[in-house]
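> Please see the structure below; I have some questions.
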Amino acid sequence: MSADTYQAVRGHLAHLRLIAAAEALAAELDYARDNKLTHTAFLERLLAIEVKASLSRRQALLERFAKLPAPWRLPDFDFDAQPSLDRKLIEDLATLRFLDDATNVLLIGPPGVGKTMLAVCLARLAVESGYRCFYTTAADLAARCHRAALEGNWEQVMRFYANPRLLVIDEVGYLPLAQEAAAALFQVVSRRYLRGSVCLTTNLAVGQWAKAFGEDTSVAGAMLDRLLHRSVVITISGDSYRMRAHRARSERLRGGQK
Ligand code: ADP
Ligand code: MG
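Residue numbers for the sequence shown, in the numbering used here: 2 to 259.
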C-alpha cells in the first residue's frame with residue numbers, strides 16, 4: 002500500500018471515529034502481508050478490533066452509569082450464613098430472566114442480612130450482561146425528585162428513573178418518607194410498572210408500609226399493588242452478618258481462653 006493510500010485509510014478510519022482500528026492499522030497490514038491474509042480476512046481482523054473496543058467502551062459506560070456502591074459479586078455471598086434464604090431462588094434470579102417481563106424483586110429483612118449485597122450482585126450481573134442499571138437509595142431518589150420539582154425538570158428526572166432496565170431502590174423505609182417523597186417514589190414505581198424491573202430493599206414487612214409513607218396509606222397501597230403484581234418477594238430473617246461474624250470471633254476467642 003502506498004504511503005498516500007495508507008494515510009487516506011487512516012484518515013477515513015479517524016473520520017468515522019474507528020480509533021482502535023486506526024491505531025491497529027499499521028500492525029494489521031504488516032500481519033496481513035506476513036501471513037498472506039486475504040483482503041476479507043484482513044478486514045475481519047481490523048473490524049473485530051474496533052468491535053471489541055466499542056463493546057468494552059459500552060461496558061465501561063454501563064458500569065459508570067450504574068453507580069453500584071460496592072464491588073460485590075454473587076459468589077462472594079455466603080449462603081450458609083443465611084439459611085433462611087432460598088438459594089435456588091437467588092440462583093434463578095441470577096439468570097436475569099426476571100428482567101424480561103419486568104418482574105420486581107423485593108428484598109425484605111432487618112439491617113445487616115445482605116439485602117443491599119444481593120441487590121448489588123444482581124445489578125452487577127445485569128450490567129455485565131449489557132443491561133442499563135441504576136442504583137439509588139430511596140432517600141437519594143426522593144432528594145433528586147425534590148430538586149427536580151424545584152428546578153422544573155421533573156419530567157426529565159422521571160424519564161431518567163424510568164429508563165434503566167433494572168432500577169435498584171435501596172433502603173426503603175429506613176427513614177419515614179415525607180408525603181412529597183412518597184409521591185415521588187410512587188411515580189417512579191408507576192412509570193416502571195410492567196415496563197422495567199425494580200429491585201427494592203426494605204426493612205419493612207409489607208404490612209408496615211403504610212406507616213412509612215406518612216398519613217397517606219393509599220399511596221403505600223397503590224405502590225405495593227404495582228410492586229407486588231409481578232414480583233419475587235424474598236424475606237430474609239436472622240442476624241446481621243457482621244454481628245454473626247463478630248459473635249463467632251468472640252466465641253472462638255473465649256474458646257481459646259479455656
Ligand atoms: P443490609 O442491606 O441487609 O442491611 P448489607 O447487604 O449491607 O445488609 O450487608 C452488610 C454487610 O455484611 C456487607 O458488608 C455485606 O457484604 C455483608 N454480608 C451480609 N450478608 C452476607 C453474606 N450472606 N455473605 C457475605 N457477606 C454478607
Ligand atoms: Mg442495606
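Where is the CB? At the ideal position from N, CA and C, for every residue including glycine.
Taking the C-alpha atoms as reference points, what is the distance between L168 and T137?
About 8 Å.
> Quick one: grab the DSSP three-state call for Y136.
Looking at Y136 - three-state DSSP - the assignment turns out to be strand.
> State the start and end residues of the unbroken beta strand (DSSP E) segment that holds V190.
That residue, V190, is in no beta strand (DSSP E); its alpha helix (DSSP H) goes 180-193.
> Kindly provide the ranges of any alpha helix (DSSP H) runs that are 4 or more residues long and lie completely inside the region 29-108, ordered along the chain.
As far as the region 29-108 is concerned, its whole alpha helix (DSSP H) runs of at least 4 residues are 40-67, 88-94.
> Under 9 Å, do N204 and Y242 count as touching if we go by C-beta distance?
Not a contact, by the Cβ cut-off of 9 Å.
> Between P112 and the ligand MG, is the CB less than 8 Å from at least one heavy atom?
True, at least one ligand heavy atom lies under 8 Å from that Cβ.
> Could you check if K53 is buried or exposed, using at least 16 other CB atoms within 10 Å of its CB as the buried criterion?
By the neighbour-count rule (16 or more Cβ atoms within 10 Å), K53 is not buried but exposed.
> Measure the alpha-carbon distance for W73 versus C122 and round it to whole angstroms.
Rounded to the nearest angstrom, the two C-alpha atoms are 6 Å apart.
> Only counting the same chain, and skipping five residues up and downstream in sequence, which positions put a Cβ closer than 7 Å to that of A14?
The identity of residue 14 in the sequence shown is Leu, whereas the question assumes Ala. The residues are A22, A23, L26.
> To which residues of the same chain is S238 closer than 8 Å at the C-beta, ignoring the five residues directly before and after it?
Result list for S238: S85, G110, P111, V114, in chain order.
> Residue range of the beta strand (DSSP E) that D171 falls in?
Note, D171: beta strand (DSSP E), 167-173.
> If I follow the unbroken beta strand (DSSP E) through S232, where does it start and stop?
232-236 is the extent of the beta strand (DSSP E) around S232.
> Taking 6 Å as the limit, tell me which residues put their C-beta closer than that to any heavy atom of the ligand MG, in chain order.
Residues with a Cβ closer than 6 Å to any heavy atom of the ligand MG, in chain order: K116, T117, D171, E172, T202.
> Which value, in whole angstroms, describes the spacing of the CA atoms of A140 and D81?
Roughly 31 Å separates the two Cα atoms.
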